[in-house]
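> For the sequence shown, my numbering gives the first residue as 1, with consecutive numbering after it.
Quick one: the structure is below, and I'll ask about it shortly.
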Amino acid sequence: MRTLKALSLVWRGARTTALATVLFALLTATTTAYLVAAPRLQDTAYDKALGDELRAAGQLQRDISLFLNPRDLGAFVPEVEPEGPGDGLTAPFGLVESSAEGAMGADAGLVDEAVVAAQTEPFAVSPEGGGKLPGPPETVVRVQDRLDEHVTWTSGAAPGKPSETRTLTVGKVTRPVHLLPVGVAQAVATSLGIKVGAAYELFPTGESSQVGREPIFVVIAGTFEPVNRRDPFWDPEGRMLGVASIPSPQGGAVRQGALVMPVESYPALTDSLRRGETPDVAPMGSPLLTHSWRYTVREDLGQADAARVSRMASRLDIDPNMTRLPERVRLTTDIPSLVDRYQRSLASTSVVTSFATAGITALAAIVLMLTALVATASRLRELTLLAARGASTQRVLVMALAGPMAWGVLAAVAAAALTMILVDGVTPLVSWAQVAFVLAAPAVAITMLVLATVRSAVNTRVAATTRRVRSAQRIVAELGLVVLAVLAISTVRARGDVISGGQTDWYAALSPVLLAGAAAVVAFRVLPVPIRVLSRLAGRGRGYVNFLGLARSSRASATAGLPLLALVVGATVITVVATIAATIGEERSVAAYRTVGADVRVDGVRIDDADLAGLRQRPGVTAVAGAYVDRDAQIAGAIVSTGREAQDVTVIGVDPAQFATVLAGSPIAVSRVGAEASEGRIPVRLSAGGSVGDEIELVVRGIHVPVTVTAVDPGLARISSGRLTATALLPLDALQAAVPLAQRNTAYVKASPKGSAALVAAVSDDRAAIGELVTGATSAHSFAAASATRSLPSFVARSYGVAAALAGLLTFLAVLLLLVAGRPERRQLLLRLRTMGMPRRAEARLLAVETLPLLLTAVLVGAAVGVAAPLLVSRAIDLGGYTAGPRPDLTPSWAVGGLAALSAFLLAVLALVVEEIRTRRASLAEHLRAGENA
């Protein structure tokens, strides 16, 4: 019976205020879904972000690589030369793998199975029996595991164990040696002139540091094409797929490729490299080979695995399983620092998203309170009558809450359950606390409204006292809000560095909202004064609409506090969210250009004049500047005028005019104006580390170069590994005169987005087509795009986009509810004015004059607070993880504030238009009936 009675109350309350109840339920469900889904999506993004961090790093950074160069104890020379080739050495791959697995322990599943390899130093290649290849070329011989899984053999077959021999004569000794079957990439074979089925003799080069290495014989068993040229399998040795041009000390360049053979050919290769070595002499393999074990960290690891993989990588260097090996194995990886950077990005993301979540939570609570009050206001007469007839206060409250709150709770439960089913992840306790707050706020508002109304109606003698109490309560509440705002801003400024380090502070996250509330209190306390002045001026003119509208507006500014507060907070949230999103976009572009250096940067061992001419002829390219870049230079000694200590600096030697042309219109454009240099010194522009007029020395390739600082421009700074580096810009011709080895190794290119993409693709497909010594190309556009598509930046962008949309919707509803709340009084006024003959077109004007000053003031106050908020909370927000650069400054933007204010004002005007359309549809008879029922 009690259940049926409760359901009856719920149904009755919902039926009485159907539209408001439906709106309340929908808002509750939407807010709950957002608060539950946001941390779950964030949790998923956290898991994906570790893979992003690994993919963005270089091969030696993201892989766990072990390297071994066994000690060279010299070869054993037998007294009697054997009749056939020797047995060679046993590969150390299995021994080191088992030790590594022991060191990894239970964490071995975090990495893929090891890919092993062993490689020689370069050999000169010559056809067997005499003759020469064009070049002449050089090759390394590489023992490569799992080659067949990553290639398609285009001619011949995969190499196997050697089955033939050749005769090698060294001095007066003649002995049989293996003819080693090898494979070669089709591109390498074509470039070097190597044929399938042909035998070649490989001679040690004069540059080799290895003593006792003998010539070897190989036969080309087959050529291959990679299944996927961009597979990380090929990263450790690019010469397996293409020819590299290596500068020669004698001038020019030497073309080098790689010949590959399977692991089972390792003993035969070691026997051919040096005869007579035995496992007793070389227990860890041949000293003439560089051995490697490459463990690739799985990209599907999540945040729970990050600390484990970092500890595992460190154990491979200190674990007894590794230290007990006969030879010391060298560990190369950057996994610990990558994990540390990943964990710091997670912490900063938690803080960044907390500002959006806190803003939406507060705004949703205000709008839900407003919706609940509008729904309850239409039932106040009924509830007051029940109280007057003897109903208990508890029963009256239950009836008041039964309508919107019951349906709101049901909608919240349904939305939370559906979100948890559809969205993977974890919802933290704080999110459930936010949902509870959003539901509790309207319940408290309904309770306070009903209690105040019922007590005033039942005891008329205390009505005046109640009004005075309400006025005092409002003043206390407003003062408390101002104090809370001041304390919140103080907290952010005092604890900003701690918060930005990952310690989420929800009180600090609410600081923009609290500041908006305090600004709204002050603004709407002051606003009635100028509106009354305007009303008096309007009263002196002709017509009554402006006077009447402004008079009503001055009274409404003091009574419509909650909807106007929602509008101010909504405008603030939209502005803050838009400012942070705009800052991320702008700083990402700046970071991309500071990392790359121009639209496109082409790197090489050396960039020749012909290479620059070819780049200038490419479609979409408008300017090219050849440069010498040295990232290992220094400012030597102390600066004469300041006495500062030496520091590292990146030197860019380039023609200033060409460089300015290439960078014109980019975020890192440079000026051509600078002071004059002292006689005998080179003019230099610094990003930091000196003052104009300082005479300093730069150390470039070990040579001290006297220079004079002619300009200091922080915009010259470049980014390396996510950090700003000091940069020095010098004229290339003057630098080359002082440092002859400073040859161009970089080309900065100004190109259209389409031309940039085509150039990068061309270098990736065939570097030699761009320049013989070109090693790669990077585009600022692609760098920025790759940064934006990573899990955490894309999650923050989507999260802020949803937050902005929700803030806009809630702002629109707040204005609509403001108009709905004033509708009964407005109906009474329109009833009297229509009966007096007021035309319909004057109704819209009256509504506009009454509400637009309030709406415009609220929007401007909210946007102003949103523009100022970044200055107050910038210390607590680190956006560096989303820009691929150092931490940028969060600066106010009046342009963003203006657009946000315009958006919020248009939403308010839209709500005004909706109300006007509804009013116009009502006939005079409907107004009369409404007046009778009001």
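Quick reminder that beta carbons are idealized off the backbone N, C-alpha and C, glycines included.
In this text the structure is predicted, and so the values were computed from the model without any measurement.
Could you tell me if Trp-894 is buried or exposed, where buried requires 16 or more neighbouring beta carbons within 10 angstroms of its beta carbon?
Under this definition Trp-894 is an exposed residue.
> Look at the alpha carbon of Pro-706 and the alpha carbon of Gly-689, and state the distance between them as a whole number of angstroms.
For Pro-706 and Gly-689, the distance between alpha carbons rounds to 15 angstroms.
> Please name the residue in Val-444, Thr-290, Ile-499, Val-243 whose C-alpha comes closest to that of Ser-345.
Ranking the options by Cα distance to Ser-345, first place goes to Ile-499.
> Answer with yes or no whether the minimum CB distance from Arg-887 to chain C is below 8 angstroms.
The structure shown has no chain C; it contains just one protein chain.
> For a test of the three-state rule: what should DSSP assign to Met-284, helix, strand or coil?
In this structure, Met-284 counts as coil in the three-state DSSP scheme.
> Comparing alpha-carbon positions, which option in Arg-146, Thr-32, Leu-567, Arg-681 lies nearest Ser-903?
Of Arg-146, Thr-32, Leu-567, Arg-681, the residue nearest in Cα terms is Leu-567.
> Leu-50 and Ala-306: beta carbons closer than 8 angstroms?
Yes, Cβ-Cβ distance for Leu-50 and Ala-306 is below 8 angstroms.
> What separation, rounded to the nearest whole angstrom, lies between the Cα atoms of Lys-750 and Leu-54?
Cα to Cα, the separation comes out at about 30 angstroms.
> Just the Cα atoms here: how many angstroms apart are Leu-612 and Val-600?
Cα-Cα distance, rounded: 13 angstroms.
> Flag this pair as yes or no: are the beta carbons of Ala-358 and Gly-403 separated by less than 8 angstroms?
Taking 8 angstroms as the Cβ cut-off, Ala-358 and Gly-403 do not qualify as a contacting pair.
> Would you mind sorting Val-430 into buried or exposed? The rule is 16 or more other CB atoms within 10 Å of its CB.
Exposed, by the Cβ-count rule.
> For Phe-905 and Leu-410, I'd like the C-alpha separation in whole angstroms.
Rounded to whole angstroms, Phe-905 to Leu-410 spans 33 angstroms at the Cα level.
> The alpha helix (DSSP H) that contains Phe-795, what's its start and end?
Segment 791-821, the alpha helix (DSSP H) holding Phe-795.
> Tell me which same chain residues have a C-beta within less than 6 angstroms of the C-beta of Ala-18, skipping the five on either side of it?
Result list for Ala-18: empty, nothing under 6 angstroms.
> Secondary structure at Arg-175, three-state DSSP: helix, strand or coil?
In the structure shown, Arg-175 sits in a strand (DSSP, three-state: E or B).
> Would you list the residues sitting across from Pro-134 in a DSSP beta bridge?
Answer is none; Pro-134 lacks a bridge partner.
> For Gly-722, which three-state DSSP category applies?
Reduced to three states, the DSSP call for Gly-722 is coil.
> Give me the residue from Leu-35, Gly-58, Glu-915 with the minimum Cα distance to Val-413.
It is Leu-35 whose Cα lies nearest to the Cα of Val-413.
> Starting from Phe-233, trace the alpha helix (DSSP H) both ways and give me its first and last residue.
No alpha helix (DSSP H) holds Phe-233; DSSP gives it neither H nor E.
> With distances taken between CB atoms, is the gap from Val-151 to Ser-292 smaller than 8 angstroms?
For Val-151 and Ser-292, no; Cβs fall outside 8 angstroms.
> From this set, Ala-627, Gln-634, Pro-667, which residue's C-alpha is nearest Ala-657's C-alpha?
When only C-alpha atoms are compared, the closest one is Ala-627.
> Taking only runs that begin and end inside the segment 87-126, name each unbroken beta strand (DSSP E) of 3 or more residues, in chain order.
Runs of the beta strand (DSSP E) inside the segment 87-126: 115-119.
> Please report the residue range of the alpha helix (DSSP H) in which Tyr-882 lies.
From DSSP, Tyr-882 is part of no alpha helix (DSSP H); its letter is neither H nor E.
> Give, in chain order, every unbroken run of the beta strand (DSSP E) that is at least 3 residues long and sits entirely within the segment 595-655.
Listed in chain order, they are 600-604, 621-636, 647-654.
> From the DSSP output, in three-state form, read off Gly-570 for me.
Reduced to three states, the DSSP call for Gly-570 is helix.
> Could you pull out every residue in the same chain whose Cβ sits closer than 8 angstroms to the Cβ of Gln-634, ignoring the five residues on either side in sequence?
Contacts found: Ala-646, Gln-647, Asp-648, Val-649, Leu-698, Val-699.
> How many angstroms separate the CA atom of Ala-356 from the CA atom of Ala-786?
Approximately 24 angstroms, taken between the alpha carbons.
> Hey, out of Met-261, His-704, Ile-194, whose CA is closest to Val-243's CA?
Measuring from the Cα of Val-243, the nearest candidate turns out to be Ile-194.
> Would you list the residues sitting across from Trp-293 in a DSSP beta bridge?
Trp-293 is bridged to Leu-66, Val-116.
> Beta-carbon within less than 6 angstroms of Val-211's beta-carbon, same chain only, minus the 5 sequence neighbours each way: which residues are those?
Caution applies to Val-211, whose pLDDT of 49 falls short of 50 and renders its modelled position unreliable; the value that the coordinates give is listed next. Once the five neighbours on either side are set aside, Val-211 has no close Cβ partner at all.
> Could you check how far apart the C-beta atoms of Ala-742 and Leu-735 are, in whole angstroms? I think they sit under 8 angstroms.
Indeed, because the Cβ distance is near 5 angstroms, the residues count as touching under 8 angstroms.
> On the criterion of 16 or more Cβ atoms from any shown chain inside 10 Å, does Leu-961 qualify as buried, or is it exposed?
Because the chain is modelled from 1 through 934, residue 961 falls outside the range shown and cannot be assessed.
> In this structure, how does DSSP classify Lys-754 when only helix, strand and coil are distinguished?
DSSP places Lys-754 in helix when its eight states are reduced to three.
> Determine contact between the segment 783-803 and the segment 616-632, defined as no fewer than three beta-carbon pairs at a distance below 8 angstroms.
In short, these stretches do not touch, since the Cβ pair count stays below three.
> Report the option in Arg-525, Arg-493, Met-261 whose CA atom is closest to the CA atom of Ile-475.
Ranking Arg-525, Arg-493, Met-261 by Cα distance to Ile-475 puts Arg-525 first.
> Once you ignore the five residues that flank Ala-365 on each side, which residues in its own chain have a CB closer than 8 angstroms to its CB?
Taken in chain order, the residues that qualify are Phe-437, Val-438, Ala-441, Pro-442.
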